[in-house]
Amino acid sequence: MTKTSLTLAAAVLAILATPVASRDLPTVSISVSDLDLSTEADQRKLYKRIDTTARRICRSGGFDLGARKAEAECRLSVKMRAAPEVKLAIENARKERLATNKLANPG
Numbered sequence: 084m085t086k087t088s089l090t091l092a093a094a095v096l097a098i099l100a101t102p103v104a105s106r107d108l109p110t111v112s113i114s115v116s117d118l119d120l121s122t123e124a125d126q127r128k129l130y131k132r133i134d135t136t137a138r139r140i141c142r143s144g145g146f147d148l149g150a151r152k153a154e155a156e157c158r159l160s161v162k163m164r165a166a167p168e169v170k171l172a173i174e175n176a177r178k179e180r181l182a183t184n185k186l187a188n189p190g
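Take a look at the structure:
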């Protein structure tokens, strides 16, 4: 796979009191160099990494209902923002695998 990491914009808007432009949001890279995203097993591993990262970057430390709700909204937003990049990475991995298979088995 050509691209070895996905960059997620942390959707901290849900837990911040003041609006922040999306360009100011922190980003986190998730390595995918060890994954073959053309397989479902490695796609599941990627989604697990995204979930774990979203939980880490959205953790506010609060225990009240408001803090928990904000964290859940943040995690959902992170996953939604990552979805297009994940979809593209999976499509590219599938195309690479198909091209490799065609080269290995011409005709």
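My numbering applies: residue 84 is where the sequence shown begins, and numbers increase by one. Here a beta-carbon is modelled for each residue, glycine too, at the ideal position from N, C-alpha and C.
| request: Measure the beta-carbon distance from Leu129 to Val161 and round it to whole angstroms, keeping in mind my assumption that it falls under 8 Å. | output: Actually they are not in contact, since the Cβ atoms of Leu129 and Val161 sit about 14 Å apart, beyond 8 Å.
| query | What number of angstroms, rounded off, separates the C-alpha of Leu186 from the C-alpha of Leu118? | reply | 21 Å
| request: Output the distance between the C-alpha atoms of Arg177 and Arg158, rounded to the nearest integer angstrom. | output: 27 Å
| task | Output the boundary residues of the beta strand (DSSP E) element that contains Thr110. | result | Thr110 to Ser114
| said: Can you look up Pro102 in the DSSP assignment and give me helix, strand or coil? | reply: Summary for Pro102: the model assigns pLDDT 45, below 50, so the residue's position carries little reliability; its value from the coordinates is reported in the next sentence. In the structure shown, Pro102 sits in coil (DSSP, three-state: anything other than H, G, I, E or B).
| Per-residue burial, Ala165 [other beta carbons within 10 Å of its own, 16 or more giving buried] | buried
| task | Give the C-beta separation of Ala182 and Leu120 to the nearest angstrom, bearing in mind that I take them to be a contact with Cβ-Cβ under 8 Å. | result | With a Cβ gap of about 14 Å, Ala182 and Leu120 do not count as contacting.
| Taking just the CA atoms, how far does Val111 sit from Asn184? | 33 Å
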